[in-house]
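Q: This is the structure, below, for whatever I ask next.
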Amino acid sequence: MPDLEILIQSLGLVVIVAPSVLLCWLGIPSLLGRPLPESWVHRVVQTVIWTGLLAALAVLGLMLVSDQTHVMVVGRQWVHIPHYHFAFKLVFDRLSVPLVILTFLLCGTIGAFAARYLHRESGFNRFFVLYSVFLLGMTVASLAGTIETLFAGWELVGLSSAFLVAFYHERRGPVANGLHVWSVYRVSDAALLIASVVMHHLSGEGDFDKLIRGEGSWPFGSPTLSVSQATLAGLLLVVAAAGKSALIPFSGWLPRAMEGPTPSSAVFYGALSVHLGAFLMLRVSPLLDASPVTCAVIVVLGLASAAFGALANRVQTDIKSALSFASLTQVGLIFAEIGLGLRYIPLVHILGHACWRTLQFLRAPTVLHDFRQLENAVGGSLAARRQSWEQWIPENWRNWAYRFALERGELDQGLFNWFVNPVRELFIACDRYERLLLQGNPPPQKLGTEPWTRVLEETP
Amino acid sequence: MMNLPWLAFSVIIPLLMAPLVGRLEDSGRARIWTLAANTLALLTSVLAWFAHESNSDSVCSEGLPGDWLALDSFSAPLGPLAALVFLATTLVTLRTKIRRFSFAGSLVSEALTLGTLGCLEPWGIIAGLSLGVIPPWLELRRRQQSPRIFGLSMACCVSLLVLGQLLEDYEGVNRFQEWWAGIPLLLAVLIRCGAFPFHLWVSELFQQASFGTALLFVTPMLGAYACVRLVMPVSPDWVLRGIELGSTFTALYAAGLATVQTDARRFFCCLFLSHSALVFVGLETLTEIGLTGALCIWLSVGLSLTGFGLTLRAIESRRGRVMLDQFQGLYDHAPGLAIGYLLTGLACVGFPGTVGFVGTELLVDGVVEQQPISGIAVVLACTLNGIAILRSYLRVFTGSRHQTSVSLSLRKREQVAVLSLAVLILIGGVFPQPGITSRYRAAIKLLSQREPILSSPNRHEALPSQPVKQTN
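For the record, the sequence lines run as chains W and Z.
Quick note, the first sequence lines up with residues 1015 to 1474 if you use the working numbering.
Quick note, the second sequence lines up with residues -9 to 462 if you use the working numbering.
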């Protein structure tokens, strides 16, 4: 059915072109210093989201009708020289289609919500430019047919996320936390880049469908790499995914990310971007099947993150932080499911959790008001009672767990004490020595003056 | 296209205009004449590039005495890039800066830079590099600074270049060990590029000279050009591997330093050193992919770091020296400047959609193929550079509310410069194929020039005295 094939390919291109158009439409006027009025922004966003969503749904419908489970849309050979090529390939399969539909659905909801939530805010236009970068990044990452394409989308998501955390940029807290998020994302990007280069060299290919050979599409197939090669590449990918999905030991960025406006917290850190690591693991799942060590690491990391999230969630005093740790719990469980060899269950878990968490985040600004109204109606406190099983835990254990959760496991402090500060001290010492050689009078630098090392959240 | 000596025009026009501009007492008029000369130099260098492209895979000489000015596929786009750097710098020189910035000196520097980049003869390159030191040196003396490290480094560099080339010429007749002549040349190039531990002169130059002069001296990366022309053809593989390791360390070290800087000029200097070292890492891989990546990054870094430096200079002209130990909160007053700063900064680290993206991928690919550990170090350097750039952006443009009654927004001329660079960065990022193909051809050419030298037991008999030239 060549006509149907062409139709699917064309609609597939629409799915990716729509967010690109949105970025150009909002970005170019901003670059020229003439941002669009609010009403225009809202209309453009809705039009593009509907276009992308309908095209993605149409692709899904046509794939079901024609009984296809794997459609490759090749835009063009972006870069081609002997021994190196960079093709812009998009893949529509059982994994990418649900995620891209989810992306359009949630981004559309958030776009409509944010147009009212940020009405007449000075950063309205900036928010939607970053939103369009995020949408493009998510779409590219979801549909990526090669690891290089995935990397491009991955980086776009990271940049937009960091800037949305620092959205209220006249205050130092959000700015410091934005830099923290960016730093963790850069480490995650570095791991992904190294993994992609390693895979390229080990197998000579960057395409997922060539890295993973076999009959049928995702989740079937077997990797072209040996066990040791799969373990090396898999562990690098786990580091990348752990950074993006805030697993231990990178979990500290998740509550910091709640500094951003509620719509961005909802769609980015609660629903979509936090699942990107799990998506990566699912995408390379045949590679994981070949490496039991990587699977074991994923299970341990996932369960530990889930336990930590559940514990920290119980002592949070603000609703967004509590929700962020609740997200971490679910993401940890999703990772554990992936590590145990499940494929469709984690995918369904991602879809359900993303929708549920978005709803919770969007309700967050008004839930306290509703809670008080309910208490007034009942005429008493609705405070939760201690669950019966808790009384069986010794008190000193409970106290330890409380302090551990309150300090958020001291994960950030551990990262700073063990990795960041020693490196910074080393470079500050080198800098001081160089200044001494240059001027003979180095200005004093105190390690503790950097705001981003300590600041967590700043209450507005 | 008319067969005119465009390359010679691009060198002669600024050289002739320099004394004229130097005599003008009115700085405003001097700037206008300098702008005209810069524009003509850019146009003629672009025409020289096009003329070369129409005679692909050949060396176009200009028919001047000695045929000293000539282009090949490697150097053809470097001249326009350098001319663009000079034009953009003059364009964004505001009234607050024009009394301190030497327009005549910048024109002389432009002529020397374009002359060096358009020269294939070793002695011509050495002359260009040596004379090019004079304008910044004179400016430093005029500003009553004592550039002891800069002076010492440049004196060493010039001496070693001359010594190395003399040895190289002598070896042609009397055969020494084949790497003897390469050592002084190698040291000279390392000093000129600011490789660790010879990098302190770059910091001193940025601290003591005007930002524009320092920018114009370092961003055309003449040290890397000298490396390709003077060192690569004569050095054995192990010497180049040594440079690769040293450059990898420099890239990582400078990137680390950039993350802890409190002074914006020194931050820029570290950023430049790191990227310049990354270019070196790629150049010394001696693989098609690595070399192509390095040549791509050369262009992208030249473009983006110039834009980044110019936005920093624009901020300096409004606020004085920019310090990064406090939040300045300038975003609301100069959003255009903020976007330009961010865009050019992200382009430096090869962010997707910008001109450096594919170049960085190629570089990492090439280096990992050659030395996996170096490849990881390159990725770490890029990571640290990315963190440093965002940190500096947040320090300069966010974190507080800046109160001022004076408009800090971009002037028309600045807007033109920033937008032009932004467009080039984005177009190069979205349509990278022509640039990559051109750099790949240049890489193949450079590697092919090394092959007969290294395969021959009698190196100097195999050394091609000059590539085949096709005179216009």
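Here a beta-carbon is modelled for each residue, glycine too, at the ideal position from N, C-alpha and C.
Remember, predicted model here, so these are calculated numbers, not experimental data.
If we cut at 9 Å on Cβ distances, does Thr29 of chain Z have a partner in chain W?
A: No, because no Cβ of chain W sits closer than 9 Å to the Cβ of Thr29 of chain Z.
Q: Go through the stretch 1249 to 1299 of chain W residue by residue and report every complete run of the alpha helix (DSSP H) that reaches 4 residues or more, in order.
A: DSSP runs (the alpha helix (DSSP H)) wholly in the stretch 1249 to 1299 of chain W: 1267 to 1270, 1290 to 1297.
Q: Would Leu1242 of chain W be called buried (16 or more neighbouring beta carbons within 10 Å of its own) or exposed?
A: It should be noted that the sequence gives Ser, not Leu, for residue 1242 of chain W. Classification of Ser1242 of chain W: exposed, given that the 10 Å Cβ count is below 16.
Q: Please tell me whether Tyr1131 of chain W and Pro1275 of chain W are closer than 9 Å, where the distance is taken between their beta carbons.
A: Yes, they are a contact pair.
Q: Can you give me the Cβ contacts of Phe91 of chain Z inside the same chain, cut-off strictly under 8 Å, excluding the 5 residues immediately before and after it?
A: Counting only Cβ-Cβ distances below 8 Å, and skipping sequence neighbours, we find Thr83, Ser200, Gly202, Thr203.
Q: Let me see if you follow: with CB-CB separation under 9 Å, is Ser1044 of chain W close to chain Z or not?
A: Closer than 9 Å: yes.
Q: With DSSP as the reference, label Tyr331 of chain Z as helix, strand or coil.
A: Helix.
Q: Measuring only between beta-carbons, confirm whether Ile1095 of chain W sits less than 9 Å from chain Z.
A: Chain Z contact via Cβ: present.
Q: Tell me where the beta strand (DSSP E) around Leu1342 of chain W begins and ends.
A: Unbroken run through Leu1342 of chain W is the alpha helix (DSSP H), 1333 to 1353; no beta strand (DSSP E).
Q: Taking three-plus beta-carbon pairs below 8 Å as touching, is the stretch 1125 to 1145 of chain W in contact with the stretch 1098 to 1107 of chain W?
A: No: fewer than three Cβ pairs fall under 8 Å.
Q: Once the 5 residues before and after Arg403 of chain Z are set aside, which same chain residues still bring their CB inside 7 Å of it?
A: Closer than 7 Å at the Cβ level, and outside the excluded window around Arg403 of chain Z, lie Leu81, Val82.
Q: Can you give me, in chain order, the residues of the stretch 99 to 132 of chain Z that have a beta carbon less than 8 Å from any beta carbon in chain W?
A: Taking 8 Å as the Cβ-Cβ cut-off against chain W, none of the residues of the stretch 99 to 132 of chain Z qualify.
Q: So, is Ala1205 of chain W buried or exposed, given that buried needs 16 or more other C-beta atoms within 10 angstroms?
A: Under this definition Ala1205 of chain W is a buried residue.
Q: Specify the secondary structure class of Tyr1098 of chain W as computed by DSSP and reduced to three states.
A: DSSP places Tyr1098 of chain W in strand when its eight states are reduced to three.
Q: Looking at the C-beta of Ile305 of chain Z, does it have a partner C-beta in chain W at a distance below 9 Å?
A: With 9 Å as the cut-off, Ile305 of chain Z does not count as an interface residue toward chain W.
Q: Between which two residues does the alpha helix (DSSP H) harbouring Glu274 of chain Z extend?
A: From DSSP, Glu274 of chain Z is part of no alpha helix (DSSP H); its letter is neither H nor E.
Q: Taking a cut of 7 Å between CB atoms, which residues from the stretch 371 to 402 of chain Z lie near chain W?
A: Flagged, chain order: Thr373, Gly376, Ile377, Leu380, Arg381, Leu384, Thr388, Gly389, Ser390, Arg391.
Q: Which of the residues in the stretch 191 to 202 of chain Z, read from start to end, lie with their CB under 8 Å from any CB of chain W?
A: So the close ones are Ser193, Glu194, Gln197.
Q: Assuming Pro1379 of chain W is part of the alpha helix (DSSP H), what are its boundary residues?
A: Where Pro1379 of chain W is concerned, the enclosing alpha helix (DSSP H) stretches over 1358 to 1392.
Q: Only counting runs of 4 or more residues, tell me where the alpha helix (DSSP H) segments fall wholly within the stretch 129 to 164 of chain Z, in order along the chain.
A: Complete alpha helix (DSSP H) runs here, min 4: 138 to 163.
Q: Within 10 angstroms of its Cβ, does Cys98 of chain Z collect 16 or more other Cβ (buried), or is it exposed?
A: Reading the sequence as shown, one finds Val at residue 98 of chain Z and not Cys. The residue is buried, with at least 16 neighbouring Cβ atoms inside 10 Å.
Q: Considering only DSSP beta bridges, list what Ala1158 of chain W is partnered with.
A: For Ala1158 of chain W, which the question treats as bridged, DSSP gives the partners W:Leu1104.
Q: Using the Cβ count rule (16 or more neighbours within 10 Å means buried), how would you classify Gly56 of chain Z?
A: Only weak support is given to the placement of Gly56 of chain Z: the predicted model assigns it a pLDDT of 47, under 50, and the value that follows is read from those uncertain coordinates. Exposed.
Q: Is Pro1269 of chain W near Ser1202 of chain W, with beta carbons less than 9 Å apart?
A: No, the pair does not count as a contact, with Cβ atoms beyond the cut-off.
Q: Determine the extent of the alpha helix (DSSP H) in which Ser290 of chain Z is found, giving its start and end residues.
A: Counting along the chain, the alpha helix (DSSP H) containing Ser290 of chain Z begins and ends at 278 to 309.
Q: Is DSSP giving Val480 of chain Z helix, strand or coil here?
A: Limits of chain Z in this structure are -9 at one end and 462 at the other, which puts residue 480 of chain Z out of reach.
Q: I need the DSSP call for Gln393 of chain Z, collapsed to helix, strand or coil.
A: Reduced to three states, the DSSP call for Gln393 of chain Z is coil.
Q: With H, G and I counted as helix, E and B as strand and the rest as coil, what does DSSP make of Gln318 of chain Z?
A: It is coil, neither helix nor strand.
Q: According to DSSP, is Asp253 of chain Z part of a helix, a strand, or is it coil?
A: The answer is strand: DSSP assigns Asp253 of chain Z an E or B state.
Q: Does the Cβ-Cβ distance between Gly272 of chain Z and Leu281 of chain Z come in under 9 Å?
A: Cβ atoms of Gly272 of chain Z and Leu281 of chain Z: closer than 9 Å.
Q: Ser1156 of chain W to Gly105 of chain Z, Cα distance in whole Å?
A: Rounded to the nearest angstrom, the two C-alpha atoms are 50 Å apart.
Q: Name, please, each residue of chain Z whose Cβ falls closer than 7 Å to the Cβ of Phe1441 of chain W.
A: Within chain Z, the residues near Phe1441 of chain W are Gly246, Leu247, Thr249, Val250.
Q: Please classify Ala1166 of chain W: is it buried, with 16 or more other beta-carbons within 10 angstroms of its beta-carbon, or exposed?
A: With 16 or more other Cβ atoms within 10 Å, it is buried.
Q: The stretch 347 to 370 of chain Z: which residues have C-beta closer than 7 Å to a C-beta of chain W, in chain order?
A: Correct list: Val348, Glu351, Leu352, Val354, Asp355, Val358, Glu359, Gly365, Ile366, Val369, Leu370.
Q: Alpha carbon to alpha carbon, how far is Phe93 of chain Z from Gln14 of chain Z? Give it in angstroms, no decimals.
A: Residue identity check: residue 14 of chain Z is Leu in the sequence provided, not Gln. Those two C-alpha atoms are separated by around 10 Å.
Q: Which of helix, strand or coil does DSSP assign to Trp1092 of chain W?
A: The answer is strand: DSSP assigns Trp1092 of chain W an E or B state.
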